[in-house]
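Trainee: Quick one: the structure is below, questions incoming.
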Amino acid sequence: MELINEDSPRRALAGVRVGKNVKFFNFVNAYGCEIGDNTKVGSFVEIQRNARIGRNCKVSSHTFICEGVVVEDEVFIGHNVSFINDKLPRAANADGTLKTDADWKVQGTLVRRGASIGTGSTILCGVTIGRDAVVGAGSVVTRDVPDGATVAGNPARPLSRKPKA
Amino acid sequence: MELINEDSPRRALAGVRVGKNVKFFNFVNAYGCEIGDNTKVGSFVEIQRNARIGRNCKVSSHTFICEGVVVEDEVFIGHNVSFINDKLPRAANADGTLKTDADWKVQGTLVRRGASIGTGSTILCGVTIGRDAVVGAGSVVTRDVPDGATVAGNPARPLSRKPKA
Amino acid sequence: MELINEDSPRRALAGVRVGKNVKFFNFVNAYGCEIGDNTKVGSFVEIQRNARIGRNCKVSSHTFICEGVVVEDEVFIGHNVSFINDKLPRAANADGTLKTDADWKVQGTLVRRGASIGTGSTILCGVTIGRDAVVGAGSVVTRDVPDGATVAGNPARPLSRKPKA
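Residue numbers (the working numbering), protein chains in the order written: chain L, 1 to 165; chain C, 1001 to 1165; chain H, 2001 to 2165.
Written as structure tokens, this is what we have:
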């Protein structure tokens, strides 16, 4: 892997470790993260430090990937998908002082190989999205998604499949 | 119509066909699309190739309009609205090779004249949103919306109107 | 407070009144608004004129704060949160002419001190989110949230708390 920095009008990349053929589109903010071979990162995407994205993935426009998220290889992440790493975020402590990194513990999220996360989804922290699982567009994922499962809705639940007559 | 290109810090416009008085705000990424007279395009918007937007429309900030979407005249599209053109998106094929455009068939979406799509909505592919229809904020539209109908929710359903006593 | 303007590739700040130690990240579009001491504004955020944000707040990436929104001190606003100020937005009048500011009346929204708005939420207009209230991630808030309450879902409802045995 190679460590890159780019400070251009369209891209703010600071200390990003990339594999081969990683492609960034316009207006990207990424820092301290790792992105594997052949992965594409769309416009208006932010990827925070200590996020790790595998090879052959697609991270579509307007998506936010926070610290603590690990995305394995061959994962599709739709447009406007948001991850979370804090279960009870607050701006300030009870005494009114501003929260700092010291007041805060990252809760991780794992997206396993080949999964597909639909556009407009929100992924709560502390969950695992299983191998080849599908998260339908517009879902709010609040718990683990088993390998190969398809979930959708708010909160996301397994899609019911009516038996064919 | 006029074909424009702009490669400035705030706008990446490549091969965009525009009518008269089209206005782009800051941080816009658009390419190979068509936008009619007097339409306004907000900040942090991406519009992909082969998308067509009519006259007198408003495309609000943070919205994503993908290939295959046709928006007729006088349509309001709220902030942070996402369209989709692929029913089962995957990053890679079963053999692990990266998907290319050849592996993929666009499913179109039509938004008819005068419709209003609320902020934060996700519009699945293959649907038609009817004339003067209203999609409530935060909806996930999974099927056609009839002309003049109002829908909301995830999945979006017609708003129930209790009869007045 | 100090009135600032910044016209750089990463920031379009026009007539923004700021307190001390306000921090803007990359790719921010803000105009005619007010932001209090120590508040942080993330990437890909837009804040419109006449919005007011208090002290010690966090406005996370991809969030849209529109005219008519008042955010008190110590409020956490997650990523990809959208506010609204128009109940029935339309692009054009019935006669087909484009809507202008004169055709439109702002409906305000108030977020009270210490509240926390989860990532991916949509907040309809005309509501008050109470002191220290929590809006769960991915919610669509359609009515007032009482002080100290926790709501979630689409539409957002109070979280049921099962009594412990």
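Backbone N, C-alpha and C define an ideal beta-carbon position, used for all residues, glycine too. Please read these numbers as outputs of a predicted model, since none were measured by experiment.
Grab me the residues of H:His2062's own chain with a C-beta within less than 6 Å of its C-beta, minus the 5 sequence neighbours each way, in chain order.
Mentor: Only Phe2044, His2079, Asn2080 meet the Cβ criterion.
Trainee: Got a sec: which bits of the region 1117-1150 of chain C sit with their beta carbon under 7 Å from any beta carbon on chain L, in order along the chain?
Mentor: Within the region 1117-1150 of chain C, the residues whose Cβ lies closer than 7 Å to some Cβ of chain L are Thr1122, Leu1124, Val1140, listed in chain order.
Trainee: Considering only residues of the same chain and omitting the five flanking positions on each side of L:Thr122, which have a CB-CB separation below 6 Å?
Mentor: So the qualifying residues of the chain are Ser82, Val140.
Trainee: Starting from L:Ile47, trace the beta strand (DSSP E) in both directions and tell me its first and last residue.
Mentor: Note, L:Ile47: beta strand (DSSP E), 45-47.
Trainee: Residues of the region 2031-2064 of chain H in Cβ contact with chain L at a cutoff of 7 Å, in chain order, please.
Mentor: Flagged, chain order: Asn2038, Ser2043, Phe2044, Asn2056, Cys2057, Lys2058, Ser2061, His2062.
Trainee: Can H:Gly2130 and H:Asp2147 be called in contact, C-beta distance under 8 Å?
Mentor: Yes, they are a contact pair.
Trainee: Assuming the contact rule is C-beta atoms closer than 8 Å, L:Glu74 and C:Ala1092 should be a hit. Round their C-beta distance to whole Å, please.
Mentor: So it is a contact: roughly 4 Å between Cβ atoms.
Trainee: Within the 8 Å Cβ cut-off, does H:Phe2025 reach chain C?
Mentor: Not an interface residue.
Trainee: Are the region 1009-1029 of chain C and the region 147-159 of chain L in contact at 8 Å, needing three or more beta carbon pairs?
Mentor: The region 1009-1029 of chain C is not in contact with the region 147-159 of chain L.
Trainee: Report the neighbours of L:Pro9 on chain H: residues whose CB is nearer than 7 Å to its CB, in chain order.
Mentor: Near L:Pro9 (Cβ distances below 7 Å), the residues of chain H are Pro2009.
Trainee: Counting contacts by CB-CB distance shorter than 8 Å, is H:Gly2096 in contact with chain C?
Mentor: Closer than 8 Å: yes.
Trainee: Kindly list, in the order they appear in chain H, the residues whose Cβ is closer than 8 Å to that of C:Gly1114.
Mentor: The answer, in chain order, is Arg2090, Ala2091, Ala2092.
Trainee: Would L:Ser8 be called buried (16 or more neighbouring beta carbons within 10 Å of its own) or exposed?
Mentor: With fewer than 16 Cβ atoms within 10 Å of its Cβ, L:Ser8 is classed as exposed.
Trainee: Please report the Cβ distance between L:Ser116 and L:Val145, rounded to the nearest whole angstrom; I am assuming they are in contact, meaning their Cβ atoms lie under 8 Å.
Mentor: So it is not a contact: roughly 11 Å between Cβ atoms.
Trainee: Let me confirm a value: C:Leu1159 is counted as buried when at least 16 other C-beta atoms fall within 10 Å, else exposed. Which label applies?
Mentor: By the neighbour-count rule (16 or more Cβ atoms within 10 Å), C:Leu1159 is not buried but exposed.
Trainee: Taking L:Phe76 as the reference, which of L:Gly118, L:Gly36, L:Asp37 has the closest Cα?
Mentor: Of the candidates L:Gly118, L:Gly36, L:Asp37, the one whose C-alpha sits nearest the C-alpha of L:Phe76 is L:Gly118.
Trainee: Output yes or no for whether 8 Å exceeds the beta carbon distance between C:Gly1054 and C:Glu1072.
Mentor: Yes, the Cβ-Cβ distance between C:Gly1054 and C:Glu1072 is below 8 Å.
Trainee: List the DSSP bridge partners of H:Thr2128.
Mentor: In the DSSP output, where bridge partners are listed per residue, H:Thr2128 has H:Leu2110.
Trainee: Note down the Cα distance separating L:Ala30 from H:Asn2026, rounded to an integer number of angstroms.
Mentor: The alpha-carbon atoms of L:Ala30 and H:Asn2026 are separated by roughly 10 Å.
Trainee: Would you call C:Asn1005 buried or exposed, if buried means 16 or more other Cβ atoms sit within 10 Å of its Cβ?
Mentor: It counts as exposed.
Trainee: Let me know the beta strand (DSSP E) ranges lying completely inside the region 46-82 of chain L, each 3 residues or longer, listed in chain order.
Mentor: As far as the region 46-82 of chain L is concerned, its whole beta strand (DSSP E) runs of at least 3 residues are 69-71.
Trainee: Residues of chain H with CB under 8 Å from C:Val1075, in chain order?
Mentor: Ordered by position in chain H, the residues that pass the 8 Å Cβ test against C:Val1075 are Ala2091.
Trainee: Leaving out five residues on either side along the sequence, give the residues of the same chain with a beta carbon under 6 Å from the beta carbon of C:Lys1058.
Mentor: Cβ neighbours of C:Lys1058 beyond the five flanking positions: Lys1040, Phe1076.
Trainee: Specify the secondary structure class of H:Ala2014 as computed by DSSP and reduced to three states.
Mentor: It is a strand residue.
Trainee: Counting contacts by CB-CB distance shorter than 8 Å, is C:Ile1004 in contact with chain L?
Mentor: No, no contact with chain L.
Trainee: Is it right to say L:Ala102 is buried, meaning 16 or more other beta carbons lie within 10 angstroms of its own, or is it exposed?
Mentor: L:Ala102 is exposed by the Cβ-count criterion.
Trainee: Mind checking whether L:Met1 and L:Glu46 have CB atoms under 8 Å apart?
Mentor: Contact flag unset, no.
Trainee: According to the neighbour-count rule (16 or more other Cβ atoms, all chains shown, within 10 Å of its Cβ), is C:Thr1100 buried or exposed?
Mentor: Classification for C:Thr1100: exposed.
Trainee: In this structure, does DSSP put L:Asp103 in helix, strand or coil?
Mentor: Helix, per DSSP.
Trainee: Closer than 8 Å, CB to CB, is L:Asn29 near chain C or not?
Mentor: By this cut-off, L:Asn29 is not an interface position.
Trainee: May I have the straight-line CA-CA distance separating L:Val69 from C:Arg1010, to the nearest angstrom?
Mentor: Taking the straight line joining both Cα atoms gives about 30 Å.
Trainee: Give the residues of chain L in contact with H:Asn2085, contact being defined as C-beta atoms less than 9 Å apart.
Mentor: Under the 9 Å cutoff, chain L gives no residues; its nearest Cβ is about 21 Å from H:Asn2085.
Trainee: Cβ closer than 9 Å: which chain L residues qualify as neighbours of C:Asn1154?
Mentor: Those within 9 Å of C:Asn1154 in chain L are Gly138, Ser139, Val140, Ala152, Gly153, Asn154.
Trainee: Let me confirm a value: H:Leu2013 is counted as buried when at least 16 other C-beta atoms fall within 10 Å, else exposed. Which label applies?
Mentor: The residue is buried, with at least 16 neighbouring Cβ atoms inside 10 Å.
Trainee: Below 9 Å on C-beta distance, what does H:Gly2019 contact in chain L?
Mentor: Simply none; closest approach about 13 Å.
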